[in-house]
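First to last, the sequence lines map onto chains A and B.
Residue numbers for the first sequence follow my numbering, so the first one is 86 and each next one is one higher.
Residue numbers for the second sequence follow my numbering, so the first one is 4 and each next one is one higher.
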Amino acid sequence: MNKISVIIKREYITRVRKKSFIIMTILAPILMAAIITVPTILMMNQSGDYKKIAVIEDNSNLFKGVIKNTKDAEFVYLENTRVDDLKKTFEKAGYYGILYISPELINTPNAAYIISKKQPPIGLLTHIESSLKKEIERQKLLSYKIENLDDIMKNVETNVSVQTKKLDESGVEQGTSTGIAMALAYILGFLMYMLVFIFGAQVMRGVIEEKTSRVVEVIISSVKPIQLMMGKIIGIALVGLTQFLIWIFLTVGIVGVLKTTILAKTNVTEISQTMPQNMMAGNQQTAGTVKTADASPALSEFSKMLDNAMNQPWGLIIVCFIFYFVTGYLLYASVFAAIGSAVDNETETQQFMLPVTIPIILGLMVAMGTMQNPESPLSFWCSMIPLTSPIVMMARIPFGVPGWQIAVSMAIMLVTFAAFVWMAAKVYRTGILMYGKKTSWKEMWKWLRYSG
Amino acid sequence: MALFEAKNVTKQYGSSLALDNVSISVPEQCIYGLLGPNGAGKTTLIRIINQITGPDSGELFLNGKKLVPSDVQLIGYLPEERGLYKKMKVGEQALYFAQLKGLPKAEAMRRLKYWFKKLDIIDWWGKKVEELSKGMAQKVQFVTTVLHEPKLLIFDEPFTGFDPLNTKIVKDEILFLRERGATIIFSTHNMESVEELCDNITLINKAKTILEGSVNEIRSKWAANEYDLVFNGNVKIEGNGHYNILKQQNDNDRSVIRLKTTSDISTNDILQNVMGAGSIISFNPALPSMNEIFIRVVEARN
């Protein structure tokens with residue numbers, strides 16, 4: 086046991102001291118923080134950019150006052166002005182652009198256009214389009230001469246936002262958000278995939294390094310091969326955990342600092358209005374949250390989201406994540422170690438990598454599908470099969486999984502992981518002492534049956 | 004008493020037999036040569052002694068007791084396929100190997116400083132291994148092999164990569180270790196160093212022991228019937244019914260003559276026969292080199 090800790094220490098320290106490790110550890114959180122904060126900053130700068138737009142409709146007055154001013158755009162209706170005249174001077178006159186609406190618009194959908202020096206933002210275009218569309222619809226309705234049309238229209242106008250509620254065992258309704266569950270499933274599944282793959286591959290490279298530098302025979306005359314293998318696997322796992330912890334702390338720290346320094350200048354309600362709007366936009370369709378463009382419910386929506394995030398079974402998620410990470414990583418890392426021991430250099434690993442990569446990729450793909458339909462038979466079976474279960478089960482858990490399923494999946498995982506480590510150790514023991522022979526799966530199978 | 008014994012060791016890899024009923028007995032404070040052509044099974048035997056692999060059958064004894072896993076502390080092994088972590092610093096690495104052999108850190112440090120100074124590599128302590136020359140790296144490996152003062156030392160081709168000066172240094176260290184009580188198993192293809200260092204040998208060919216015993220006994224046995232005569236001055240002698248002349252050579256006022264007896268004539272009678280030819284400086288049985296014996300024995304078997 087003492088010797089294993091010596092090995093773990095070496096594996097850990099030599100890796101943590103590497104320049105590449107230090108650079109990656111510092112750079113990644115900065116990138117992550119940038120990804121999180123830059124869009125927010127951009128969004129806010131955008132909203133501060135006030136635009137004045139000249140509207141010309143050849144004096145038809147069909148759409149006068151139809152397009153309402155927003156907080157970042159003002160629409161000025163000009164009479165007795167021709168587009169061609171204004172074209173040359175609109176910038177000097179302080180206009181962002183010219184919107185021309187032909188009277189033909191009611192019958193010809195593309196009879197309006199906007200002239201500007203820059204590409205107009207999507208938000209502005211959407212606002213113009215929907216305003217005009219509404220007006221044309223109104224005018225068309227008017228042509229039917231329905232009595233009390235205005236009242237009817239007011240009555241018809243509706244805002245809808247579908248809320249999801251989940252019944253827990255005691256029958257209490259809990260507010261949940263499918264959006265949150267999906268995001269969580271995605272993050273957990275992907276994190277698992279990354280951890281297993283990046284650090285599993287590091288184990289393999291470490292084994293190859295020891296084999297090609299011929300250092301391995303010296304070591305295994307002092308310790309058992311399985312001690313060397315497990316020491317390496319555990320040491321690298323600790324490197325991975327260290328890196329992730331630093332990443333999380335640094336990212337949270339940097340984001341926090343940026344938020345307080347840069348965003349503090351802007352008024353608070355604005356942030357809380359723009360932020361959730363933007364965040365919800367991506368989730369709208371799948372999350373079943375039907376929203377109008379109206380920004381007023383956004384604030385309450387955001388706080389609801391936070392509540393929902395708190396309602397996730399965090400205890401279960403953390404316990405399961407640790408369990409599946411440890412067993413999943415050990416399972417794959419030991420296979421990677423066995424492969425590393427069987428080859429003479431890294432290029433030879435190709436033929437062995439494919440069969441190992443397939444279940445991981447498959448797991449990730451099923452995990453993505455799980456977000457659409459967490460109860461599908463495919464998701465269920467893949468969360469039971471040990472090669473895919475660490476990724477798929479983690480993706481299922483935020484949607485709620487029956488306790489017995491988790492228990493069965495974990496039990497299968499434990500048995501398989503023990504079997505894999507045992508087999509890998511046998512292959513490893515023989516493989517590290519074999520030089521210059523091209524190894525096949527058949528050969529490795531033979532090594533499995535060699536005695537001590 | 005034998006410090007180490009292997010009795011009837013057999014090991015099979017798939018369908019190929021690596022060791023077939025091999026036994027060796029290594030007396031205490033002996034330098035024991037393990038010889039054989041490439042692929043004969045030497046490395047397998049060494050790995051079994053180091054408990055890197057286990058035998059299919061047979062027994063191993065260290066100090067008269069059955070070999071157990073904790074005995075790795077009592078064995079030092081310098082494999083033929085040896086290496087160091089290229090990116091690691093020399094001192095740190097030596098310390099790592101010492102700790103793997105069970106030495107406490109402080110003690111390992113003290114002994115390492117001693118050995119590094121003795122072999123004149125202390126300046127390299129903080130350097131990375133990749134900056135070392137091959138001979139330098141070999142010295143580091145030698146130190147890590149002997150550092151925990153093992154009872155049994157196993158050297159597999161310890162001199163490859165050394166210049167003559169460093170070869171001598173390492174040879175002297177090996178002899179010094181033997182003086183201090185270590186027993187050494189020594190595997191090599193360099194037969195000169197076998198004659199120079201080894202007390203006993205075992206020759207393995209195709210998984211079987213084909214020759215064993217003390218180096219001197221083996222050489223005299225194979226020398227049978229050949230003698231070297233050295234005369235002062237330019238001397239010529241003729242063969243007769245009792246012996247043939249194999250070789251006559253004159254240089255620097257000396258004549259070196261090898262003869263082979265063909266009957267059971269005694270050495271005194273031979274001397275009587277040749278005494279008249281000139282003044283004899285020496286008369287010795289002509290010992291074949293280990294190289295010759297090796298080639299003859301192995302070829303006879305093949």
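Each residue gets a CB set at the ideal place from its N, CA and C atoms; glycine is no exception.
### Query
Which chain A residues sit within Cβ distance under 9 Å of residue 85 of chain B?
Along the second sequence, read from residue 1 onward, the residue named residue 85 of chain B stands at position 82. Result: 299, 300, 302 and 303.
#### Entry: Proximal residues, the stretch 486 to 509 of chain A versus chain B, C-beta separation under 9 Å
none
### Under 8 Å between C-beta atoms of residue 8 of chain B and residue 100 of chain B
What you label residue 8 of chain B is simply residue 5 of the second sequence in a count that begins at 1. What you label residue 100 of chain B is simply residue 97 of the second sequence in a count that begins at 1. In this structure, residue 100 of chain B does not lie closer than 8 Å to residue 8 of chain B by Cβ.
### Query
Taking one C-beta from the stretch 450 to 467 of chain A and one from the stretch 312 to 330 of chain A each time, how about it: are there three or more such pairs within less than 8 Å?
no
### Query
Considering only the beta carbon of each residue, do residue 197 of chain B and residue 231 of chain B sit closer than 8 Å?
Along the second sequence, read from residue 1 onward, the residue named residue 197 of chain B stands at position 194. Along the second sequence, read from residue 1 onward, the residue named residue 231 of chain B stands at position 228. Not a contact, by the Cβ cut-off of 8 Å.
### Query
If you compare alpha carbons, which of A/103, A/110, A/202 and A/90 is closest to residue 331 of chain A?
The residue given as residue 331 of chain A occupies position 246 in the first sequence. When each option's Cα is compared against that of residue 331 of chain A, the closest is A/110.
### Chain-ordered neighbours of residue 7 of chain B on chain A, where CB pairs are closer than 7 Å
Stepping through the second sequence from its first residue, residue 7 of chain B is reached at position 4. Within chain A, no residue comes near residue 7 of chain B; the closest Cβ sits about 15 Å away, beyond 7 Å.
### Query
Where do the ends of the beta strand (DSSP E) carrying residue 233 of chain B lie?
The count along the second sequence starts at 1 and reaches residue 233 of chain B at position 230. Looking at the DSSP string, the run of the beta strand (DSSP E) that includes residue 233 of chain B is 229 to 235.
### Query
Can you list, in chain order, the residues of the stretch 93 to 111 of chain A whose Cβ is nearer than 7 Å to any Cβ on chain B?
95 and 99
### Message
I'd like the list of long-range same chain contacts for residue 53 of chain A, defined as Cβ closer than 7 Å, with 5 residues on each side in sequence excluded.
### Response
The structure shown does not extend to residue 53 of chain A, since chain A spans only 86 to 537, so no value can be given for it.
### Query
Closer than 9 Å, Cβ to any Cβ of chain A: which residues of the stretch 53 to 68 of chain B, in chain order?
53, 54, 55, 56, 57, 58 and 59
#### Entry: residue 121 of chain A to residue 506 of chain A span [Cα, whole Å]
Numbered from its first residue, the first sequence carries residue 121 of chain A at position 36. Numbered from its first residue, the first sequence carries residue 506 of chain A at position 421. If I take the Cα positions, the gap works out to 39 Å.
### Task
Express the C-alpha separation of residue 498 of chain A and residue 192 of chain B in angstroms, rounding to a whole number.
Along the second sequence, one-based indexing puts residue 192 of chain B at 189. Along the first sequence, one-based indexing puts residue 498 of chain A at 413. The alpha-carbon atoms of residue 192 of chain B and residue 498 of chain A are separated by roughly 51 Å.
### Query
Name the chain B residues whose beta carbon is nearer than 7 Å to that of residue 531 of chain A?
Position 446 of the first sequence, counted from the first residue, corresponds to residue 531 of chain A. Those within 7 Å of residue 531 of chain A in chain B are 17.
### Task
Kindly list, in the order they appear in chain B, the residues whose Cβ is closer than 7 Å to that of residue 88 of chain A.
For this step, residue 88 of chain A is matched to residue 3 along the first sequence. Within 7 Å Cβ-Cβ: 103.
### Task
Rank A/118, A/430 and A/404 by C-alpha distance to the C-alpha of residue 296 of chain A and give the top, closest one.
Here residue 296 of chain A refers to the residue found at position 211 of the first sequence. Residue 296 of chain A has its Cα closest to that of A/430, out of A/118, A/430 and A/404.
### Query
Listing by chain order, which chain E residues have their CB less than 7 Å from the CB of residue 308 of chain A?
Absent from the structure: chain E. Protein chains present are A and B.
### Task
Would you identify the three-state DSSP class for residue 282 of chain A, choosing helix, strand or coil?
The residue labelled residue 282 of chain A in the question sits at position 197 within the first sequence. DSSP places residue 282 of chain A in helix when its eight states are reduced to three.
### Task
Kindly say whether residue 91 of chain A, judged by its beta-carbon, lies nearer than 8 Å to any beta-carbon of chain B.
Here residue 91 of chain A is taken as the residue at index 6 of the first sequence, counted from 1. So yes, residue 91 of chain A belongs to the interface.
### Task
Give the secondary structure of residue 202 of chain B by DSSP, where H, G and I count as helix, E and B as strand, and everything else as coil.
Indexing the second sequence from 1 puts residue 202 of chain B at position 199. Looking at residue 202 of chain B - three-state DSSP - the assignment turns out to be coil, as it is neither helix nor strand.
#### Entry: Sequence-distant residues of the same chain with beta carbon closer than 7 Å to residue 34 of chain B, five excluded per side
Here residue 34 of chain B is taken as the residue at index 31 of the second sequence, counted from 1. Same-chain partners within the cutoff: 181, 187, 189, 200, 201 and 202.
### Query
Going along chain A, which residues have a C-beta under 8 Å from residue 35 of chain B?
Sequence index remark: in the second sequence, residue 35 of chain B carries index 32 (1-based). Those within 8 Å of residue 35 of chain B in chain A number zero; the least Cβ separation is about 18 Å.
### Contact with chain A by residue 137 of chain B, beta-carbon distance below 8 Å
Working through the second sequence from its first residue, we reach residue 137 of chain B at position 134. Residue 137 of chain B does not count as touching chain A.
### Task
Return helix, strand or coil for residue 24 of chain B, following the three-state DSSP convention.
Here residue 24 of chain B refers to the residue found at position 21 when the second sequence is read from its first residue. Here residue 24 of chain B sits in strand by DSSP.
### Task
Can you grab the Cα-Cα spacing for the pair residue 137 of chain B / residue 162 of chain B, in whole Å?
Working through the second sequence from its first residue, we reach residue 137 of chain B at position 134. Working through the second sequence from its first residue, we reach residue 162 of chain B at position 159. Cα-Cα distance, rounded: 11 Å.
### Query
Exposed or buried, what is residue 220 of chain B when buried is set at 16 or more other beta-carbons lying within 10 Å of its beta-carbon?
Within the second sequence, residue 220 of chain B is the residue found at index 217, counting from 1. Answer is exposed; the Cβ neighbour count stays below 16.
### Query
So, residue 76 of chain B versus residue 88 of chain B, is the Cβ gap smaller than 8 Å?
Within the second sequence, the letter at position 73 stands for residue 76 of chain B. Within the second sequence, the letter at position 85 stands for residue 88 of chain B. Taking 8 Å as the Cβ cut-off, residue 76 of chain B and residue 88 of chain B do not qualify as a contacting pair.
### Message
Taking the alpha-carbon of residue 298 of chain A as reference, which of B/62, B/284, B/22 and B/140 has the nearest alpha-carbon?
### Response
Counting from one through the first sequence, the residue named residue 298 of chain A turns up at place 213. Ranking B/62, B/284, B/22 and B/140 by Cα distance to residue 298 of chain A puts B/140 first.
### Cutoff 6 Å; reference residue 36 of chain B; Cβ partners in own chain excluding five residues on either side
As a working note, residue 36 of chain B is residue 33 in the second sequence. Closer than 6 Å at Cβ, skipping near neighbours: 189, 197, 201 and 204.
### Query
Does DSSP classify residue 494 of chain A as helix, strand or coil?
What you label residue 494 of chain A is simply residue 409 of the first sequence in a count that begins at 1. Residue 494 of chain A: helix per DSSP, three-state reduction.
### Task
Report the residue ranges of all alpha helix (DSSP H) runs contained in full by the stretch 429 to 457 of chain A; include only those spanning at least 4 residues, in chain order.
435 to 457
### Query
Any chance the CB of residue 292 of chain B is under 7 Å from a heavy atom of the ligand GTP?
This structure does not include the ligand GTP; it has no bound ligands of any sort.
### Task
Answer yes or no: does any C-beta atom of chain A fall closer than 8 Å to that of residue 149 of chain B?
The count along the second sequence starts at 1 and reaches residue 149 of chain B at position 146. By this cut-off, residue 149 of chain B is not an interface position.
### Message
If I measure Cβ to Cβ from residue 513 of chain A and keep anything under 7 Å in the same chain, skipping five residues before and after, which residues do I get?
### Response
Taking the first sequence and counting its residues from 1, the one referred to as residue 513 of chain A is at position 428. Here the set comprises 310, 314, 422, 423 and 426.
### Query
For chain A, is any of its Cβ atoms less than 8 Å away from the one on residue 100 of chain B?
Taking the first residue of the second sequence as position 1, residue 100 of chain B is located at position 97. At least one chain A Cβ lies under 8 Å of residue 100 of chain B.
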